[in-house]
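What follows is a set of notes on a single structure, which appears directly below.
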Amino acid sequence: MSRDNGSPNSKYWIRSAIGGDVCVNLSGTGDKYNQIIAYHTQGEESNPRFQWNVYRVEGKKDQVVIRSEQDQSLLISREPSDPCGAEQGSGDNEAARWYIEGSVVSDLLDEKQHQKFVRFRNVKHSSCYLTLLAGRAENFVPFISGVANGTLAQLFELERK
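Under the working numbering, the first residue of the sequence shown carries the number 934, and numbering increases by one thereafter.
Written out as structure tokens, the structure reads:
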């Protein structure tokens, strides 16, 4: 079984490349109906809903899980074209595991070097990427598991916290 390694490799804000202050935000507390939404960060610099810990999946050098600092829930892909969510659990769930494209995981997690912009492709739904719905950088717009489209809606800047 693959599990996340128990301690975060790095903590980030995950910013949409569409809007400089629009981040991936946990909308609640990790129940099964939780959605991951876009939200402008102005004045919310210390809010843990914007903070995500990135863990390398044990035994999978090219996969990570992304946990909310708010409640330790995992960022998951529910189904293709559906809103992404956050649920309690471990890295055993392939829907909670992501490939990072645009950087080697070891470089990304190294404090001295990492690519600024990356894409997150889901392990379970391997044709789907974390995607800002309709490319709208507005509060409360959900992030979905979208088919690759090569747009800024699927590109994210990782800001280390």
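The C-beta atom is built at its ideal place from N, Cα and C for all residues, glycine as well.
Closest by C-alpha distance to residue 949, when choosing among 1004, 1037, 1071: 1071
Per DSSP, the bridge partner or partners of residue 1019: 1008
Whole-angstrom C-beta distance between residue 1028 and residue 1055, which should lie under 8 Å: 7 Å
Range of the contiguous beta strand (DSSP E) that encloses residue 944: 943-949
Proximity to residue 1014 [Cα-Cα], best of 1079, 1088, 943, 1065: 1079
Residue 952 in three-state terms, based on DSSP: coil
Cβ-based neighbour list, residue 1017, same chain, cut-off 8 Å, excluding 5 preceding and 5 following: 968, 969, 1008, 1009, 1010, 1011, 1063, 1075, 1076, 1077, 1078
Integer-rounded CB distance, given that residue 951 should sit under 8 Å from residue 1068: 6 Å
Outcome for residue 1093 when other beta-carbon atoms lying within 10 angstroms are tallied against a minimum of 16: exposed
Cβ separation of residue 1020 and residue 1001, assumed to be a contact under 8 Å, to the nearest whole Å: About 10 Å; that fails the 8 Å criterion.
Bridge-paired residues (DSSP) for residue 1075: 970
Same chain only: Cβ atoms within 8 Å of residue 1058, ignoring 5 sequence neighbours per side: 1010, 1012, 1013, 1028, 1078
When 982, 944, 977, 976 are compared against residue 960, the one with the closest alpha-carbon: 982
Residue 1090 beta carbon less than 8 Å from that of residue 1050: yes
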